[in-house]
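The structure appears below as structure tokens.
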Amino acid sequence: MGVSEVMTIRQKLIEVQKKIGHKVLSTIKKDLCPLKELLNSYAVGFDASYSKRYGGIAVATLVNINTNELISYAIAMGEPPLEYIPGLLAFREAPLYYTAYLSLVKKIKTTPRCFIAIIDGHGIAHPRNAGIASHIGLALNIPSIGVAKKRLYGIEKVRNVNKKSKISIEGYVYDPKTDEPLAAVLVPNKKKRIYVSPGAYITLESAIRIIQLLLEPDYRLPTPTYYADLISRRISRCLDNGRCTPETVGGLQRTLEHYANTNRA
DNA sequence: GCGACAG
DNA sequence: ATCTTGTCGC
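Right under this line is the structure:
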């Protein structure tokens, strides 16, 4: 594209994603961290809610993969730099996630060799293989997995494989251009389905294994994003009804950690 | 030109 | 994501 060509913001961001997607695909052929080690590590979950008064409320949770227990969490809030545009979600939400992650790492004492990031949204199951989970994985330099509630891109094929395992795999989503599998369609409970795709630094197979472990009976979302969703919504609601302020939300920490753990089956 | 379209 | 009442099911 020549230097004199006019590009809209949208077109520039799409070009950025093409480069990200290309790099991401080279990182998901093998696991950066051995699966055996990941299974005994911690997951960092990300989700966001939106407050009418304060903008985006992003939450990063730290969960023990073996026990599904919420260990800690950190929040970040601020006006999103971009409106929501299908395919460009990362440019809207990733900045706040990044800030929340830095805050979380700063407050926890132990630093496991291998973290795994779980993001509410897609990884490589994206038009340019650059979903928000891929953006996060590259930015944080840790393996990441995208868990979405709705399909964005790709052809869904029902296969009904792995009926044996507790959380069954209903099928896969394939890339119409390469015919490669991009995501697995899991069925956490009778009616709800979720789309699991690698973000970066992890294979689809390992991503599926991890998510199956993080899904508790009858819960649609894996615990890391489930807790993040719960906490971010409580905080944005608290801010909007005036019962707390940005300065006092930190005081909710102990209460919400306990709330999340006890509110679980 | 006509749909599809993460959160 | 958010706006919102009643309602089906355990």
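Under numbering that gives the first Met the number 0, the first residue of the first sequence carries the number 0, and numbering increases by one thereafter.
Glycine included, every Cβ here is placed at the ideal spot set by N, Cα and C.
Keep in mind that this is a model prediction, so the values were computed, not measured.
Residue i and residue j closer than 8 Å at C-beta
i      : j      : result
VAL23  : ASN128 : yes
ALA42  : ILE74  : no
ILE209 : VAL146 : no
THR266 : PHE114 : Past the boundaries of the shown model lies residue 266; the chain is included only from 0 to 264, so the question cannot be answered.
PRO245 : TYR218 : no
TYR226 : SER143 : no
LEU69  : VAL58  : no
ALA183 : GLY130 : no
TYR72  : LEU101 : no
ALA138 : TYR97  : yes
PRO79  : GLY54  : yes
THR222 : LEU213 : yes
Classification of residue i by the beta-carbon crowding that lies within 10 angstroms, buried from 16 upward
i      : result
ARG233 : buried
MET76  : buried
TYR194 : buried
PRO94  : buried
ILE265 : One cannot answer for residue 265 here, as it falls past the ends of the chain, which runs 0 to 264.
ALA264 : In this prediction, ALA264 scores a pLDDT of 47, lower than 50, which makes its location untrustworthy; the coordinate-derived value is nonetheless stated afterwards. Exposed is the call here.
ILE135 : buried
VAL157 : exposed
GLU36  : exposed
Residues that residue i bridges to, as DSSP identifies them
i      : result
PRO197 : ILE144
PRO180 : TYR173
GLU78  : Looking at the DSSP assignment, GLU78 forms no beta bridge with any residue, so it has no partner.
SER235 : Its beta-bridge partners do not exist; DSSP assigns none.
SER71  : LEU61
Residue i - DSSP class collapsed to helix/strand/coil
i      : result
ALA132 : helix
THR60  : strand
ILE115 : strand
PRO46  : For clarity, residue 46 is Asp in the given sequence; the question names Pro instead. In this structure, ASP46 counts as strand in the three-state DSSP scheme.
ILE209 : helix
GLU215 : coil
ALA138 : helix
TYR226 : helix
ALA264 : Reliability fails at ALA264, whose pLDDT of 47 lies under 50, so the model's placement of it is uncertain and no value is given.
LEU185 : strand
Beta-carbon separation (whole angstroms), residue i vs residue j, contact threshold 8 Å
i      : j      : result
PRO180 : GLY122 : About 12 Å; that fails the 8 Å criterion.
SER40  : SER235 : That belief does not hold up - the Cβ atoms of SER40 and SER235 are roughly 30 Å apart, past 8 Å.
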